[in-house]
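Undergrad: One structure, as structure tokens, below. Some questions next.
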Amino acid sequence: MMTMKMNDEITRQQQELASLIDRHTPSAGTYDTPISSLKLFRYDGESQPIYSVYDPALCIVAQGSKLVMLGEEYYHYNPASYLVASVNLPITGQIIQAAPQHPYLSLQLNFSTDQIVDIIKASHSEWGHKDGSERGLLVSQTSPSLLDAVLRLVRLLDTQRDIPVLAPLIIREILYRILQDEQGGASIRKFAVAGSHAQRIAKVISLINRDFAKPLRIDDLAAAANMSPSSLHFHFKEVTAMSPLQYQKQVRLQEARRLLLQDMPEAANAGFQVGYESPSQFSREYGRMFGLPPLSDIKRLRESLA
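Position 21 of the sequence shown, counted from 1, bears residue number 21 in full-length UniProt numbering, the numbering being contiguous throughout.
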């Protein structure tokens with residue numbers, strides 16, 4: 001009986017969340033909100049692969065479903081689950097369930113490691129540190145308490161005068177609810193523990209993102225992480241599902257695509273800006289990732305956006 005009541009409550013919360021997001025997203029697209037860390041999304045149909053670099057964030061689907069690819073791993077989430085990225089990760093996403101009468105509706109709430117550390121310090125909970133994967137991306141089952149807090153945050157968009165005072169409190173509660181989750185919380189906490197393997201890899205990820213156009217020097221990254229090169233490779237792949245070089249390549253190519261989409265006329269110039277010295281190598285690796293050579297891909301992308 002309790003399980004049935006819980007399922008009924010989750011269904012009601014999902015329907016209200018979908019209604020709120022639908023009202024604040026009048027057409028397909030990505031919407032910034034008066035809550036700076038909160039974005040809303042609407043797609044009126046299934047999508048082609050969408051390439052992006054996730055910041056640390058909580059992602060919740062209110063309606064429809066999405067497939068996310070990290071390295072060669074696939075993560076599927078829908079209204080029954082949530083996705084958490086604990087570090088910056090280059091991913092490929094695809095809307096796999098959406099229609100004009102039943103659009104894909106979701107939200108993304110960005111957060112920082114400092115926020116997580118602050119909550120851990122303030123809490124008297126004996127969470128401990130569980131063994132297991134250090135992967136920086138996971139999908140976990142949602143709960144009524146998490147959805148309740150998320151709903152109260154999104155409702156603030158209708159009473160914007162309350163946002164400066166109430167939004168930080170509700171966001172703190174949302175992150176606390178995730179930390180309480182046995183699966184999601186265990187993953188996030190690893191990246192907040194000073195000196196942990198996950199925390200040191202997060203530092204390396206930050207360095208690669210900052211200097212992605214420069215040559216990758218594993219010895220320098222290993223020294224920054226206080227690891228041996230072999231240990232760095234192992235733990236980096238544990239977190240990101242790819243090697244440091246593969247990670248840098250994905251970040252470079254996604255940035256090149258963004259530059260080309262912003263009317264950079266020459267593909268070679270975009271390649272040079274993101275660190276490629278050989279136009280042919282850039283074109284080859286770009287085509288391998290996006291399916292077409294740079295200018296053909298941008299033409300296709302612009303047509304699909306139009």
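Built from N, CA and C at the ideal position, the CB exists for glycine as well. Treat the numbers as computed from the prediction; the structure is a model and nothing was measured.
Which residue or residues does DSSP assign as beta-bridge partners of histidine 102?
TA: Note: histidine 102 sits in a beta bridge opposite Ala99.
Undergrad: Rounded to whole angstroms, what is the Cα-Cα separation between serine 86 and phenylalanine 191?
TA: Cα to Cα, serine 86 sits roughly 7 Å from phenylalanine 191.
Undergrad: When DSSP builds the beta bridges, which residues end up paired with proline 90?
TA: Bridge partners of proline 90: Val53.
Undergrad: Report all residues from its chain with a CB closer than 7 Å to the CB of serine 81; omit the five preceding and five following residues, and keep chain order.
TA: Correct list, in chain order: Val139, Ser140, Gln141, Thr142.
Undergrad: For phenylalanine 234, count neighbouring Cβ atoms within 10 angstroms of its own Cβ and tell me buried if that reaches 16, exposed if not.
TA: With fewer than 16 Cβ atoms within 10 Å of its Cβ, phenylalanine 234 is classed as exposed.
Undergrad: In chain order, which beta strand (DSSP E) runs of at least 3 residues are fully inside the stretch 129–173?
TA: The stretch 129–173 contains these whole beta strand (DSSP E) runs: 137–141.
Undergrad: In its own chain, which residues sit with a C-beta less than 6 Å from the C-beta of isoleucine 205, not counting the 5 before and 5 after it?
TA: Excluding positions up to five away in sequence, the list reads Val87, Asn88.
Undergrad: Less than 8 Å between C-beta atoms, sequence neighbours within five positions excluded: which residues of the same chain meet that for methionine 2?
TA: Confidence in methionine 2 is poor, its pLDDT being 48 and thus under 50, which makes the residue's placement unreliable; the coordinate value appears in the next sentence. Hits under 8 Å: none found.
Undergrad: Just to confirm before moving on: does the CB-CB distance between arginine 177 and leucine 146 stay below 7 Å?
TA: Contact flag set, yes.
Undergrad: Would you check if the distance between the CB atom of proline 49 and the CB atom of threonine 11 is smaller than 7 Å?
TA: Not a contact, by the Cβ cut-off of 7 Å.
Undergrad: Quick check on the burial criterion: 16 or more other C-beta atoms within 10 angstroms. Buried or exposed for alanine 57?
TA: Classification of alanine 57: buried, given that the 10 Å Cβ count is 16 or more.
Undergrad: Determine the direct distance from the alpha carbon of serine 230 to that of phenylalanine 111, and round the result to whole angstroms.
TA: Going by the C-alpha atoms only, they are around 31 Å apart.
Undergrad: Mind reading off the beta-carbon distance from arginine 42 to proline 103? Whole number of angstroms is fine, and I expect it under 8 Å.
TA: At roughly 5 Å, the Cβ-Cβ gap stays under 8 Å, so arginine 42 and proline 103 are in contact.
Undergrad: Compare the beta carbon distance of lysine 66 and isoleucine 95 with 7 Å and say whether it is the shorter of the two.
TA: Cβ atoms of lysine 66 and isoleucine 95: closer than 7 Å.
Undergrad: For tyrosine 77, write down the residues that DSSP places opposite it in a beta bridge.
TA: In the DSSP output, where bridge partners are listed per residue, tyrosine 77 has Lys66.
Undergrad: Determine the closest residue to residue 365 out of Ile119, Gly45, Leu137, with distance taken between C-alpha atoms.
TA: No answer is possible for residue 365: it lies beyond the span of the chain, which begins at 1 and ends at 306.
Undergrad: For the alpha helix (DSSP H) containing glutamine 39, name the first residue and the last one.
TA: Correcting the residue type first, residue 39 is lysine in the shown sequence and not glutamine. Unbroken run through lysine 39 is the beta strand (DSSP E), 38–43; no alpha helix (DSSP H).
Undergrad: So, alanine 222 versus leucine 207, is the Cβ gap smaller than 7 Å?
TA: No. Outside cutoff.
Undergrad: Quick check: what's the CA-CA separation for aspartate 263 versus leucine 38?
TA: So the two alpha carbons sit approximately 28 Å from each other.
Undergrad: Within the UniProt domain "HTH araC/xylS-type" (202–300), note down every full alpha helix (DSSP H) run reaching 4 residues or more, in order along the chain.
TA: You should have 218–225, 229–240, 244–261, 267–273, 279–290.
Undergrad: Count the other CB atoms within 10 Å of the CB of leucine 175; is the residue buried (16 or more) or exposed (fewer)?
TA: Counting Cβ neighbours within 10 Å, leucine 175 comes out buried, since at least 16 surround it.
Undergrad: What separation, rounded to the nearest whole angstrom, lies between the Cα atoms of leucine 292 and serine 196?
TA: So the two alpha carbons sit approximately 40 Å from each other.
Undergrad: Could you give the DSSP three-state label for alanine 122: helix, strand or coil?
TA: Helix.
Undergrad: Please report how far the alpha carbon of arginine 172 lies from the alpha carbon of leucine 153, in whole angstroms.
TA: Between arginine 172 and leucine 153, the C-alpha separation is close to 11 Å.
Undergrad: If we count the other Cβ atoms within 10 Å of its Cβ and call it buried at 16 or more, is valine 165 buried or exposed?
TA: Counting Cβ neighbours within 10 Å, valine 165 comes out exposed, since fewer than 16 surround it.
Undergrad: Where does the unbroken beta strand (DSSP E) through glycine 29 begin, and where does it stop?
TA: It spans 29–32 - the beta strand (DSSP E) in which glycine 29 sits, taken as one unbroken run.
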